[in-house]
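Okay, structure first, notes after.
Protein chains: 2
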Amino acid sequence: MKEGPVIASVAALLGDPARANILTALMDGRALTVSELAEAAGVTLQTASGHLAKLDAANLLTAEKQGRHRYFRLSGPDVAQVLEALMGLAQRTGATRVRTGPKDAALRSARICYDHLAGERGVALLKGAQRQGLIKGEKDMILTEKGRAFFAGFGIDLAQLEKGRRPVCRACLDWSERHSHLGGGLGAALLSRMMDRGWVRREAGRVLAFTCEGTEGFEAAFMLPAVKGSQAA
Amino acid sequence: MKEGPVIASVAALLGDPARANILTALMDGRALTVSELAEAAGVTLQTASGHLAKLDAANLLTAEKQGRHRYFRLSGPDVAQVLEALMGLAQRTGATRVRTGPKDAALRSARICYDHLAGERGVALLKGAQRQGLIKGEKDMILTEKGRAFFAGFGIDLAQLEKGRRPVCRACLDWSERHSHLGGGLGAALLSRMMDRGWVRREAGRVLAFTCEGTEGFEAAFMLPAVKGSQAA
DNA sequence: TTCATAGTTCGATCATAGCCGAAGCATCAG
DNA sequence: CTGATGCTTCGGCTATGATCGAACTATGAA
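The listed protein sequences derive, respectively, from chains S and C. So the first sequence is numbered by my numbering: it starts at 1 and just counts up by one. So the second sequence is numbered by my numbering: it starts at 1001 and just counts up by one.
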């Protein structure tokens, strides 16, 4: 009966509003300085510094010193995943406010989850890729030959990705939609290429905005029904 | 920048050792009384009652009154899933003690996750079912015709399952293995049938113990390589 | 060098919340 | 009814920890 404290220690870290703000601010995968995080959390620099020390000690964050700045980022995608799961739970159990503002809708449509595309668009991408037979598999997904050709044509260096420790394909449960989207190295590379192409750009916070050409290119590339809704194959 | 508090409120609930003990005690899906939970958490009855009131108010638990007892259970499988995810994170970040006792190994091998089979055996089951073509799909898995016949033959009333609100097949990420196992209504029904057949029985806590015949039947039914390891198809 | 910015550490304050003893309801057995 | 058990509520104690002011260190700029 001693399993509780194990999860309690990490959950308690997420349970402080200031720390939770810090972590959600980092959920887009960027690295931020102590001052930026202090601002995001709404506390003073000293307080933030203390929180960051704790999160770092617990290995939820990794620190990187550059000149007189110290940059923090999430220590891995799994941290972001747990945060998303908690958001989903908070929503289901009604802890979230009803405030469904415009920013909320934008977040649902497309956002960054650590370093890859999430929200309606992210779910659509994975579905499209699977329908086209680019990716196969349930949870530990795998690239098909067709998929390798496709993503290489998209400008992604698969050999490079496969050298890293990070899984290339990874299903990541979306808190707003109730389906998976594509994470892993490939998910990250895809978002990166899409931003290079000017299909999508970052807005405030984690929101992603698709350009007109971006929407067209995206739907054409992944063979999605126009916009959203309509009938699928 | 006001997303933090949303997750903080629920995370804080999981962040207290007593409450975390209560929740992990409920992770096997059973309903327990206030006294039993107080004992599991190592606190007095009054204290536990207070904690339970909070967890209930947050909709993480559901209460059910029966005579002069009050039974609590997790409000849904998603709660158990978040707890498992937190355990996984705690393990990866080193918050867990090195103590890899015998119970720990047993837990890894086979355990109850809410109401279905988890651990090595749970992951093996899903893999076997997929290799045989009983189940198809990535995250929102679907039964094949072959699968319907198989599970019906196993003594499961699929029509009944499909009437419920609960998804029949659901991938559930395993914290010890790093793969999915089968949750949902079908996962629950399967474990139930396996216990009926005497293949497996509950040990202390969440540990499940396979009998000799159980191991044989299990491996035969799902066409698994003997024991563990060996070469797969 | 001097000054400014970024960050850490220390110390004191203060609020929150966990905890238990005691008393109060509610349900059941006799 | 009386008594016993299961649980909740109340009140007070206590400890933890979040917060910020102030002082200190470190890096960079002039």
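C-beta: ideal position from N, C-alpha, C; glycine also. The structure displayed is predicted, hence computed values, not measured ones.
- Around the beta carbon of C/Arg1148, fewer than 16 other beta carbons lie within 10 angstroms, which makes this residue exposed.
- Taking 8 Å as the cut-off, the Cβ atoms of S/Arg73 and S/Gly29 count as close.
- Judged by DSSP secondary structure, C/Glu1203 falls outside any alpha helix (DSSP H); it is assigned neither H nor E.
- In the three-state DSSP reduction, C/Val1168 falls in the coil class, being neither helix nor strand.
- Among the bridge pairs identified by DSSP, C/Glu1064 is matched with C/Tyr1071.
- The three-state secondary structure of S/Arg111, taken from DSSP, is strand.
- Chain-ordered listing is empty here: chain C has no CB closer than 9 Å to the CB of S/Arg170, the nearest sitting near 10 Å.
- Per the C-alpha coordinates, the member of C/Ala1090, C/Ala1118, C/Val1082 positioned closest to S/Thr93 is C/Val1082.
- Taking C-alpha positions only, S/Gly76 is separated from C/Arg1068 by approximately 47 Å.
- Bounds of the alpha helix (DSSP H) holding S/Gly153 are 145-153.
- Separation of C/Ala1012 and C/Ala1090 (C-alpha to C-alpha, rounded to the nearest whole angstrom) is 16 Å.
- Put simply, the CB of S/Thr93 is near chain C, with a gap under 8 Å to one of its CB atoms.
- Put simply, the backbone Cα of C/Gly1050 is about 53 Å away from that of S/Gly214.
- At a cut-off of 8 Å between beta carbons, C/Asp1016 contacts chain S.
- The C-alpha of C/Glu1039 lies about 32 Å from the C-alpha of C/Ser1180.
- Taking a beta-carbon distance threshold of 8 Å, C/Met1087 counts as an interface residue toward chain S.
- Taking 8 Å as the cut-off, the beta carbon of C/Leu1117 is found no closer than this to the beta carbon of C/Arg1206.
- The continuous alpha helix (DSSP H) containing C/Ala1025 extends over residues 1017-1025.
- Of the candidates S/Glu219, S/Cys113, S/Ala188, S/Ala188 places its Cα closest to the Cα of S/Gly155.
- For S/Leu32, the closest alpha carbon among the candidates S/Thr47, S/Pro17, S/Asp16, S/Leu52 is that of S/Leu52.
- With at least 16 other beta carbons inside 10 angstroms of its own, C/Lys1127 counts as buried.
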